[in-house]
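*Asks:* Quick note, the sequences are listed as chains A and B, same order. What the first sequence shows, in the numbering used here, is residues 1 to 654, in sequence order. What the second sequence shows, in the numbering used here, is residues 1001 to 1654, in sequence order. The beta-carbon is built from N, C-alpha and C at its ideal position, and this holds for glycine as well. One structure, as structure tokens, below. Some questions next.
2 protein chains.
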Amino acid sequence: MATDTAVPPVTAGAPTPEVDVPALTTLLDGEYAEIRDLVRSNLATYASVLEDAEELGVDEFRERVRELVVEMAATGQTGMGFPEEYGGGGDIGASIAAFETLAYGDLSVLVKVGVQFGLFGGAILQLGTKHHHDAYLADLVSGKLMGCFAMTETGHGSNVQALGTVATYDADTQEFVITTHGEQARKDYIGNAAKHAELAVVFAQLEIDGTSEGVHAFVVPVRKDGKVLDGVTIEDDGRKMGLNGVDNGRISFAGVRVPREALLNRFADVSPEGVYESSIDNPNRRFFTMLGTLVQGRVCVGGAGINAAKVALAIATKYAVRRRQFEAASDTEEQLLLDYGMHQRRLLPLIARTYALHFAQDVVRTQLHQVFSGIKDDEHTRRELEGRAAGTKALGTWHATRTIQECREACGGAGYLAVNRFAALKADSDIFTTFEGDNHVLLQLVAKGLLTDYASEFEDMDQLGMVRFVTNLAVETVIERTSVHKLLERVRDLLPGGDEWDQEAGLLDSEYQLAMLRFREEHMLAGVARRLKRGIDQKMNPGVVFSSVQDHVIAAANAHVERLVLEAFVDRVESLEDGDNKVALRLICDLFALTTIEADRAWFMEHGRLTVVRSKSISREVNRLCRQVRPIAVDLVDAWAVPVEMLRSPDLLA
Amino acid sequence: MATDTAVPPVTAGAPTPEVDVPALTTLLDGEYAEIRDLVRSNLATYASVLEDAEELGVDEFRERVRELVVEMAATGQTGMGFPEEYGGGGDIGASIAAFETLAYGDLSVLVKVGVQFGLFGGAILQLGTKHHHDAYLADLVSGKLMGCFAMTETGHGSNVQALGTVATYDADTQEFVITTHGEQARKDYIGNAAKHAELAVVFAQLEIDGTSEGVHAFVVPVRKDGKVLDGVTIEDDGRKMGLNGVDNGRISFAGVRVPREALLNRFADVSPEGVYESSIDNPNRRFFTMLGTLVQGRVCVGGAGINAAKVALAIATKYAVRRRQFEAASDTEEQLLLDYGMHQRRLLPLIARTYALHFAQDVVRTQLHQVFSGIKDDEHTRRELEGRAAGTKALGTWHATRTIQECREACGGAGYLAVNRFAALKADSDIFTTFEGDNHVLLQLVAKGLLTDYASEFEDMDQLGMVRFVTNLAVETVIERTSVHKLLERVRDLLPGGDEWDQEAGLLDSEYQLAMLRFREEHMLAGVARRLKRGIDQKMNPGVVFSSVQDHVIAAANAHVERLVLEAFVDRVESLEDGDNKVALRLICDLFALTTIEADRAWFMEHGRLTVVRSKSISREVNRLCRQVRPIAVDLVDAWAVPVEMLRSPDLLA
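This is the structure we're talking about:
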């Protein structure tokens, strides 16, 4: 694409690499190329759904999306995560990869798939036992049996432990009685509920003989032959900002009776006589173990966000090498948008961050696959996976929101027309930052894991518990582990310059970049621990202490996740054989690393790790890298292999 | 509202002021309370349009919006800016205030009003002469005659000077022949074009005897009795991200003939024989003078963005004092969202910035009123107004996009339901950052004004001209004027601490805050001038130089506008009588000033105006201010007096 450059690139250093686009696609698709290509092919086959989303009324579009999900299911695309004996593909990693790729298309289809196969199907698979698998899996994998995942309530989304729905055991009839107590306890925003679900996996407080055993999941029939069952009330959530192909609704239960076997009993069961038993003694730990099985949803949504961002960037980048505006460098021809420095600054770091998140997603997907396929499944790995899934989900979905917005603006008024994709991308992906866990709450979860060092004795803490925990000795460990002295010692040996490493190392040395992000993470974490401890030592209300430290908690978690993301990127680049594609990826890895440091350069200066001179030179280096990436920008977005039908934008890309 | 605080506020210093909400509303409404109240009352009367926007199909909704605009016109609300003799209100300031307030409601209605009365009507009024006024104004003020403003083309939005539509004068028939040359030259995204406009004000290159006289505006009939006229082709732009009550379309002209009088001839005319004459000799200056009359559109959109942000903040803030989640401070009750430090950090600085922009908008509206009412209308004031309008528009509309997004996320899943307003607010306001001038292009316009010191000899420069201008002596003046030495001298006398003012002055001293923003602005401006000059001195291609400096140009303009905004806020607060409302406003003025400095603290550290210690203390002070503002947050949003019907959100605010 170097030929469309009206202005000669002003670059120092290495020549522009010649990107081998198909090879880069192969690298990005990785071991899941086959399933990704199947999804790409399905997306192209059903491309008309993008128009349906605009043209059909809500009711019709919901039916269209349902149809399409069932048709895709028949290709094997959506059932990859289920055991082969039930018609699935027996490959959890592939199911995530399929879902990620599906995010190139209409996101109502994506979310309907997520609800049916991820949330509903995942709950049956992960929380149920053979009885439930035999009863439901084959039909749900084919899409014949539609279900919903009824966890969130009007009054409680983030704080699932406080749900208001109750399931009381009646030993006389060996049934559970499901009851919604008040409007705040109704299930809300439940996908598939308003129209299509026949079954619901309902999360409710289990009560036996007046004793509460905490939140458990039950399979509850809610509809038969399209008719809502007695005792069940379903309202439609109505029109939403986007995702109007998904039928979200509210469900209330007025003493609905289900048999004892309706309890998804992998982790806990109730005997016919009403004796509660669980392999996990601690109720908090049991609760988090059950939630932990749902980590897959977060990995899926994070990956979907990253891929939605790719669609936006592909359009905006390709447009920016076609659209000219203003004679900036010549009296006879207007200048291409992407030859403006500001336009490069707007788009190219977002491309770099998308690559970074893509490789981070590879890591979390692999870890998920290993844990849930039993390849490497221990407590510590599970906790680590939970943290990584939460963090990648938060960063990936915020990245999507930010990127889609920037790309829309970068396409001007044309970006506002529905045919050019941003309307749907923006409206549909908006909720990604909230569902499967509000991003701020997820980052707090990440921070909790770091503060407790994923120690199993602390994993069952709720938020208040976490704050109180700082009175414990463990926080001293965090403070000690993360002391600046030790940090610097570790870094000094890695980098040239000794104690002056942060001034002497090359900006493009990935060890330097990583050292900076590691220093920030550990320093922030120690700061949070110290602040929490100081507040508690001063006998302040733990809630007040937490509130006043909360922005540091979020920042520390963010720093941790960004470090993981950079590590994933650097590791991947280093693993490659030498060649132009490696040079290209190293270039955007540098761009990601330096824009990340630049964005928080105030913090680095405040904490003595960046001089004024070096801070300015980082900004200059970012500008230089942008100019260097400019000629390969289109190759970089082409390598994502978004089907051309999914880009639409006939006037922008013509 | 202090009573809903579950957690005692941790504040040092002054007690919480008791806000007198009605008095604060009176202060905010200012001299335009009457028209604002009329608009509020109309919004309440026609509140059902918010539901219509969701429920009606595109065609029906367009008709509904048209009806409603005509009905509002009958109340006098929309015609305030036209002379009384044509049925208008004869008060330009009031017309802006009415438009701003209308942004509390459905934004299709707002934009339809803007197209009809602002763009179309404004062009007839400002670019036409008595002949045109007599012919059209009375009917367009009543809404009987609908028109459109056909400036933007598919190929040219920002660079209006390069439009492709041509108007050739035919002296034989004394007519202009309007022709669209190629698809890139068709008028595009034109509001009112697809369905309702009977007339178009068409911007085209005027050609007489093969000589081009530059872009001029012509009144061209495009439709009669609903039927598109011969030679005119109109396509529908189709569905958009939002604003689907506005019928945007594309217009092409195949040699359409209009009489000589169709030229809007206030600034230039063509004699029957085909002699071109204009009171403005320089063609560039003439062009910018004509565009300058359209500054009103920018002032309107900026104000609308600020008020759309108010709606979002009112909902999110009121929700945050109702919604509880997690037992953070107590074992028995969950904590209110707004008692979380992070939630305060997310919402309260946005409230502060909204107030700041509100007062800045007051200044630009007043200036516009003075210029266009002939109270104070000289070249220099016009140029200053243009810069201020462009800058406030850019900051106000970006603020809207950012604020609406943050508020949606702060309301979680509920924020995603259409009934809770964010869906429409987000989709409809998205294009504000682009229309009436792309924000980046507008900030470049601001920078141009600063670099040329609004000197009349440079006002007619295009972008390439601006870059070449740096070879001129004037850039030396900018560098000299903005030299750090002089800057510091001026500041030193104002603040305690002498040369150490930036370390000694109190953080809450508004002179300190202003000095910081002034220093940043002038330092950045000098930097841009120096960089441009250096590039040119090195004989680099001006386009390459500009491209490499562009991010500095944008940053300098942003710094300039933020300084103006803070000045407006500080001036307004100082003008008030002592009392609790003044205390409250001073509090949020401090919050705005310090969050603005904090957001750019890296720059201040890099340029020696902020020590590490002081930078950290600013962040602490911002947190403290947030806690202090927390108890009055609801009062602050209530004072905007958004009609309760416009908040909807029955479940969020119950």
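1) Note down the Cα distance separating B/L1425 from B/A1308, rounded to an integer number of angstroms.
2) For B/A1356, which residues from the same chain have a beta carbon less than 6 Å from its beta carbon, with the 5 sequence-adjacent residues on both sides left out?
3) Just to confirm my understanding: we take B/R1586, look at its own chain, exclude 5 residues before and 5 after, and list those with CB closer than 7 Å. What are they?
4) Counting only Cβ pairs nearer than 9 Å, list the residues of chain B close to A/R648.
5) Can you give me the C-alpha to C-alpha distance between B/T1045 and B/I1035, rounded to a whole angstrom?
6) Using only CA atoms, which one of A/N420, A/Q538, A/G608, A/G527 lies nearest to A/V644?
7) Any idea what DSSP makes of B/D1134, helix, strand or coil?
8) Is the Cβ of A/L473 closer than 7 Å to any Cβ of chain B?
9) Three Cβ pairs or more, each shorter than 8 Å: is that satisfied between the stretch 1218 to 1227 of chain B and the stretch 1272 to 1288 of chain B?
10) Could you tell me whether any Cβ in chain A is nearer than 7 Å to the Cβ of B/I1536?
11) So B/P1542 contacts chain A; which residues on that side make the cut at Cβ distance below 9 Å?
12) Could you tell me the distance, in whole angstroms, from the CA atom of A/K486 to the CA atom of A/H523?
13) State the start and end residues of the unbroken beta strand (DSSP E) segment that holds B/R1239.
14) Rounded to a whole number of angstroms, what is the C-alpha to C-alpha distance between A/R353 and B/A1389?
15) Indicate whether A/F288 and A/G214 have their beta-carbon atoms separated by less than 7 Å.
16) So what's A/E577 in DSSP terms, helix, strand or just coil?
17) Using a 10 Å radius around the Cβ and a threshold of 16 neighbouring Cβ atoms, would you call B/S1252 buried or exposed?
18) Answer yes or no: does any C-beta atom of chain A fall closer than 7 Å to that of B/I1431?
19) Quick one: which unbroken alpha helix (DSSP H) runs of 4-plus residues sit fully inside the stretch 115 to 184 of chain A? Chain order, please.
20) Using CA coordinates, which residue listed in A/D172, A/F203, A/A194 is at the minimum distance from A/E153?
21) What is the residue span of the alpha helix (DSSP H) that A/D59 lies within?
22) Note down, in chain order, every chain B residue with its Cβ under 8 Å from the Cβ of A/S615.
23) Would the beta-carbon of B/A1200 fall within 7 Å of that of B/G1249?
24) Keeping to the same chain, check which residues put their C-beta closer than 7 Å to that of B/W1398; ignore five residues upstream and five downstream.
25) Are there 16 or more other CB atoms within 10 angstroms of the CB of A/R490, so buried, or fewer, so exposed?
26) Give the secondary structure of B/K1582 by DSSP, where H, G and I count as helix, E and B as strand, and everything else as coil.
27) Leaving out the 5 sequence neighbours to the left and right, which residues in its chain are closer than 6 Å to B/E1054 when beta-carbon positions are compared?
28) Spell out the partners DSSP gives B/K1227 in its beta bridges.
29) Tell me whether A/G579 is buried or exposed, calling it buried when 16 or more other Cβ atoms sit within 10 Å of its Cβ.
30) On the three-state DSSP scale, how would you describe A/T211?
31) Among the candidates A/M72, A/Y104, A/R186, whose CA atom is the shortest distance from the CA of A/V141?
32) Would you tell me roughly how many angstroms separate the C-alpha atoms of B/R1345 and A/S548, rounded to the nearest one?
33) Please give me, in chain order, every unbroken run of the beta strand (DSSP E) with length at least 3 that falls completely inside the stretch 321 to 357 of chain A.
34) Using beta carbons (cut-off 7 Å, strictly below), is B/F1551 in contact with chain A?
35) Using a beta-carbon distance cut-off of less than 9 Å, what residues from the stretch 33 to 47 of chain A approach chain B?
36) Could you give the first and the last residue of the continuous alpha helix (DSSP H) run that contains A/K426?
*Replies:* Walking through what the data contain:
1) 7 Å
2) V1565, F1569, F1592
3) V1573
4) Within chain B, no residue comes near A/R648; the closest Cβ sits about 12 Å away, beyond 9 Å.
5) 15 Å
6) A/N420
7) helix
8) Confidence at A/L473 is low in this model, with a pLDDT of 42, below 50, so the placement of that residue should be treated as unreliable; the coordinate-derived value is given next. Judged by the 7 Å Cβ criterion, A/L473 is not in contact with chain B.
9) no
10) no
11) A328, A329
12) 11 Å
13) Careful: B/R1239 lies outside any beta strand (DSSP E) and carries neither H nor E.
14) 35 Å
15) no
16) coil
17) buried
18) yes
19) 121 to 127, 138 to 142
20) A/F203
21) 58 to 74
22) A1602, M1605, E1606
23) no
24) T1433, N1439
25) exposed
26) helix
27) A1418
28) B/K1224
29) exposed
30) strand
31) A/M72
32) 10 Å
33) none
34) Correcting the residue type first, residue 1551 of chain B is Asp in the shown sequence and not Phe. Yes, because at least one Cβ of chain A sits closer than 7 Å to the Cβ of B/D1551.
35) none
36) 422 to 429
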